[in-house]
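Student: For reference, the structure I am asking about is given below.
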Amino acid sequence: MDVAFGEACLAAKAGEAPIGAALFAPDGTLIASAHNGPIGLNDPTGHAEVLCLRRAGAAVGNYRLTGTIMAVTLEPCLMCTGALLHARVAGVVFAARDERAGALVSNLDGCALPFANHRLWTVEGVMGQECSALLKRFFLERRK
């Protein structure tokens with residue numbers, strides 16, 4: 001989660017929502033990391049998770065990322081949950097719930113969609129206080 005948090009800090013410095021993601025191989029080796037970039041990239045799919053999956057796919061030469069684990073600072077949205085399922089990621093560790101748009105536990109159990117042909121496990125709350133505080137500070141500053 002430290003890598004994902006570092007990416008979230010980079011996003012905040014760039015004026016993006018401070019969300020970061022990191023993807024790890026089953027042995028714990030970092031494959032790729034990314035931070036939110038939809039504003040700077042002019043890309044509505046430029047979420048940290050999607051950008052991280054793209055980089056990881058390029059790094060390993062495969063769109064299937066079987067056995068990998070993603071750490072992300074905020075619960076993934078529906079789009080990102082779909083991307084994680086399609087990539088065959090084994091599990092997701094996320095810091096803070098997204099009560100507005102979260103699609104793993106907050107608003108939808110995206111891991112149990114009956115039509116999905118892949119399941120992934122989740123762990124929540126790792127560095128939750130730090131990641132929540134970063135998000136809250138960022139949006140408080142933006143509202144000033």
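Under full-length UniProt numbering, the first residue of the sequence shown carries the number 1, and numbering increases by one thereafter.
Don't be surprised by glycine CBs; every beta carbon is placed ideally from N, CA and C.
#1: Just list the beta strand (DSSP E) runs in the UniProt domain "CMP/dCMP-type deaminase" (1-106), keeping only unbroken ones of 3 residues or longer that don't cross its boundaries, in chain order.
#2: Could you pull the start and end residues of the alpha helix (DSSP H) that Cys131 belongs to?
#3: Quick check: what's the CA-CA separation for Leu134 versus Leu140?
#4: Among residues of its own chain, excluding the 5 on either side of Ala87, which ones have a beta-carbon nearer than 6 Å to its beta-carbon?
#5: Rounded to whole angstroms, what's the CA-CA distance from Thr122 to Gly110? Just pull it up for me.
#6: Is the separation between the beta-carbon of Leu74 and that of Ile19 shorter than 8 Å?
#7: Going by beta carbon distance, what residues of the same chain come within less than 8 Å of Ser132, once the five residues before and after it are set aside?
#8: Assuming Ala71 contacts Val93 under a Cβ cut-off of 8 Å, what Cβ separation, rounded to an integer in Å, is found between them?
#9: Compute the Euclidean distance between the alpha carbons of residue 146 and Gly82, then round it to the nearest angstrom.
Tutor: On the basis of the supplied data:
#1: 20-24, 30-35, 69-74 and 91-96
#2: As a first step, residue 131 is located in the sequence shown; it is residue number 131 there, counting from the start. Gly128 to Arg143 is the extent of the alpha helix (DSSP H) around Cys131.
#3: The residue given as residue 134 occupies position 134 in the sequence shown. The residue given as residue 140 occupies position 140 in the sequence shown. Their backbone Cα atoms lie some 10 Å apart in a straight line.
#4: Position 87 of the sequence shown, counting from 1, holds the residue named residue 87. Excluding positions up to five away in sequence, the list reads Leu53 and Leu65.
#5: The residue labelled residue 122 in the question sits at position 122 within the sequence shown. The residue labelled residue 110 in the question sits at position 110 within the sequence shown. Rounded to whole angstroms, Thr122 to Gly110 spans 10 Å at the Cα level.
#6: Against the sequence shown, residue 74 aligns to sequence position 74. Against the sequence shown, residue 19 aligns to sequence position 19. Cβ distance < 8 Å, so Leu74 and Ile19 count as in contact.
#7: Looking up residue 132 in the sequence shown gives position 132. Answer for Ser132: Ala95 and Ala96, listed in chain order.
#8: In the sequence shown, residue 71 corresponds to position 71, counting from 1. In the sequence shown, residue 93 corresponds to position 93, counting from 1. Sure, about 5 Å apart at Cβ, within 8 Å.
#9: Residue 146 lies beyond the residue range present for the chain, which begins at 1 and ends at 144; the question has no answer from this structure.
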